[in-house]
Structures are given as C-alpha cells and as structure tokens.
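A.B. asks: Protein chains in written order, with my numbering: chain A, 234 to 439; chain B, 242 to 336.
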C-alpha cells in the first residue's frame, strides 16, 4: 500500500524539505513499478536495453523520469491524475530507448509492385485499380515531395522506422519528423484530389 | 505493392489527413488527460478530436498511449503491483 496518497504528491514535491524528500521516494517507487509493469507488458528482453537485469533497467529509467518530473513539475496542470502524468514520462523514455536499440530495417520491394497474380478474393478490376493507385502515389512520392519529406514518409510507412530513428537520421527531432510526414501526406492528398480522386475513393480502394 | 498493407496504411493516413494536426509533443502532454477521461467513460473522440486523430496517425504515440492506458487502469483499480510481483513475472516470462 502506498505510504503517501498520489494526489498529495504534487503539493509535497513543491513544498521542499522533508516533505519533498518523502514524496520523491514514494514517487520513485511508483516509477520503478510503472517501468517494471511496462517491461512486463512489452516483453522486451533485458538485453534490448543493454542491461543485465530488469530491476536495473527500471531503476535507471525511474531515476531519469523523476528528474524530468521534478524539473517540469509546474507543467502538471491537474487535468489528469498525477500518476498518469508521471507514468507517461517514464513510458516515453523507455519506449524511445527501446526503439533506438531494437529497430530493424524493412527494405522496400525491389520492383516496387506486383507484376502478376492477385490476392485471393480480389477481382481483376480491383487489382488493376489498386495498381493504378500505387503507380500514381509512387510517382508523386518520387517526383513531387522534397527529399526530406520523401525520406521521412518512406522511412515511416515502408521501412517502419520509429520517429526517433528518423529524427537521428535527419538530424532533427520527432516533432519535425511528424511535420515532414504530415506535409508529405497533405501533398499526396492534394495531388490526388487534383487528379479527381476523392477521399472516399482513396478509402474504397481497399 | 498494391496489395501491401504498408501501402494500405499510407492511403488510409492520406485519406484522413487534416490541414492542421498536433505534433507528438502536444500529444504526449495531453494524452494523460485523454487516458483518464477515457477510463471514466467520457467520449474522448468527441472531446479531444485532435489528439484522437494523432493517435490514429502516429503509431509510436499510439503504442505509448496503449501502455499508459493499461497502467492507468491498474492504478485506478487499486494500484500497480509490488516490485517483487512484477520482477517474478518478468523472470518467469524470460525463461
């Protein structure tokens, strides 16, 4: 059972002195348990974090998350439970680190398309529509996007690269990668619309 | 490629793309409120539509949201398990 009720933690952390120390200890324990619960859920092997024990992984990330929480405490506005807000921080730290370490490349098919045969249950006409859509989208991606938009979009959708990996490759941050991909998607949507293809037609392709 | 699920995911994302979308930092700032509201049965799709859309479009943020939702649900229903319980579970899963 928790020694300090979670709803009292923000006030105690802001108070300073022994109250802050006690609250920090309670919060550290909660963060370790949250980290362990996340590890149990994600089934990452401990080697994925370059460590030799789950306990040490959880302690390390709880330590880092606690530092961020104490630094950014004023950003907690009470719109959620304090523990939900705190758990989000430790989950994000662990998720990005796991992505950096465990990402594997999925290369594009060499010919970029299927030249024959069709999936079972798909008519010849549907297969032809899908192939035409793919050729059009491929043309737009190849010729109309900026190099960085193309790298971000292809990396995300066709190579399954996490945003944190793409951010490292492009020398920027995750928000900039999201914006590059967003701009690429907007460009694709606009280009398809200019060719008379509506949102409904895009969705009905599959 | 035309039947490739990666292409299908791209087309679906293009179809629902909006002119203005929130980024990952904004999503992660707001997702704790989204999770807690969802857990008490609020209509978060209607109340926080920008965040709902971002979670549909950003696989990385969706993964973290799903994990947070699970932990927050545990927390709300009595608290996270003790360290010893979680470590035993992890050790058992690792064998």
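We treat Cβ as the ideally placed atom computed from N, Cα and C, and that holds for glycine.
(1) Using 9 Å as the threshold, is the C-beta distance between residue 422/A and residue 432/A below it?
(2) Do we get a CB-CB distance below 9 Å when we pair residue 427/A with the residues of chain B?
(3) For a quick check, are the C-beta atoms of residue 304/A and residue 309/B less than 9 Å apart?
(4) Going along chain A, which residues have a C-beta under 9 Å from residue 340/B?
(5) Against chain A, with Cβ distances strictly below 9 Å, would residue 217/B count as a contact?
(6) What does the Cβ neighbour count give for residue 258/A, buried or exposed, with the cut at 16 atoms within 10 Å?
(7) Could you check which residue in 402/A, 366/A, 404/A and 389/A has the C-alpha nearest to that of residue 247/B?
(8) Measuring only between beta-carbons, confirm whether residue 290/B sits less than 9 Å from chain A.
(9) Taking all protein chains shown into account, do 16 or more other C-beta atoms lie within 10 angstroms of the C-beta of residue 313/B, making it buried, or fewer, making it exposed?
(10) Quick check: what's the CA-CA separation for residue 243/A versus residue 322/B?
(11) How many angstroms separate the CA atom of residue 286/A from the CA atom of residue 250/B?
(12) So if I threshold CB-CB distances at 7 Å, which residues from the region 373-399 of chain A count as touching chain B?
(13) Thinking residue 285/B and residue 295/B are a contact (beta carbons under 8 Å), I'd like their distance in whole angstroms, please.
(14) Under 9 Å between the Cβ atoms of residue 327/B and residue 270/A?
(15) Can you tell me where the alpha helix (DSSP H) holding residue 219/A begins and where it ends?
(16) Can you tell me which of the three DSSP states residue 367/A falls into?
(17) Beta-carbon separation of residue 331/A and residue 295/A under 9 Å?
(18) Let me see if you follow: with CB-CB separation under 9 Å, is residue 283/B close to chain A or not?
(19) Under a Cβ-count criterion, where at least 16 other Cβ atoms within 10 Å of its own Cβ denotes burial, should residue 291/A be classed as buried or exposed?
(20) Could you please tell me which residues of the region 304-317 of chain B, in chain order, have their CB closer than 8 Å to any CB of chain A?
(21) Nearest to residue 319/A by CA position, among 357/A, 277/A and 260/A, is which residue?
C.D. replies: According to the data block:
(1) yes
(2) no
(3) no
(4) Because chain B spans 242 through 336 in this model, residue 340/B falls outside it and cannot be assessed.
(5) Chain B is shown from 242 up to 336; residue 217/B falls before or after that span and cannot be answered.
(6) exposed
(7) 389/A
(8) no
(9) buried
(10) 22 Å
(11) 37 Å
(12) 390, 391, 395 and 396
(13) Contact flag wrong, Cβ pair sits at about 12 Å.
(14) yes
(15) Residue 219/A cannot be examined here, being either before or after the span of chain A that is shown, 234 to 439.
(16) helix
(17) no
(18) no
(19) buried
(20) 304, 305, 308, 309, 311, 312, 313, 315, 316 and 317
(21) 260/A
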